[in-house]
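Undergrad: For the sequence shown, counting from 1, position 21 maps to 21 in the UniProt record's numbering; every step adds exactly one.
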Amino acid sequence: MAVESESFSHSEFMALALNTVSELVKDPLLKDLHSEPSVEEVNSQIALEHGRAITVNVVQQNQENTVLPVVVPQKAKVKDLKKAIQRHLTLKQMREGGTTYISWKYVWRTHWLVHDGEKLTDNEKTIKDYGVKNKAVITFGKRLRRK
1 MAVESESFSH SEFMALALNT VSELVKDPLL KDLHSEPSVE EVNSQIALEH
51 GRAITVNVVQ QNQENTVLPV VVPQKAKVKD LKKAIQRHLT LKQMREGGTT
101 YISWKYVWRT HWLVHDGEKL TDNEKTIKDY GVKNKAVITF GKRLRRK
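(1) Alpha helix (DSSP H) containing H88: first to last residue?
(2) Taking the DSSP output, what are the residues bridged to I54?
(3) For V70, collect the residues of the same chain with a Cβ closer than 6 Å to its Cβ; drop the 5 residues on either side in sequence, then sort them by chain order.
(4) Looking at the unbroken alpha helix (DSSP H) that takes in K105, where does it start and where does it end?
(5) Flag L91 as yes if its beta-carbon sits less than 8 Å from any beta-carbon of chain C, otherwise no.
(6) Tell me, please, which residues DSSP counts as bridged to V114.
Pasting the structure below:
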């Protein structure tokens, strides 16, 4: 029994792997994934399909009012939602070739996350406590300065 093995260079192997992943992403269950998904994105999509996670639509404050579908666990706290938004936007910027640095400390100091007019003020409360469900819309709201 002779086993033939092909040897690939690193670049050939990466091209083959990328091609295989691209074919997998065409599956209807994985249609929401980018053509070059990260492991975290794949795991999030699997959790979403198994009902362990929800999608929260975050409306970005720009001219187009871009909607970002962010996947978080069902029992996520507000701080987990914030981290998921950060990861999503950072990954989006990397893919689009943007080099703009975002100071998240500044963003969270000057903006609230708002759901149905209610500010998500307590980072330790679960998003479910604020009534956030699957496909809920979250916006950014300006914080007023305290004197």
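Note that CB positions come from ideal geometry on N, CA and C, so glycine has one too.
TA: Reading from the atomic positions:
(1) V78 to E96
(2) V72
(3) V56, V58, A84, I85 and H88
(4) W104 to T110
(5) Considering every chain present, this structure includes no chain C. It has just one protein chain.
(6) K119 and T139
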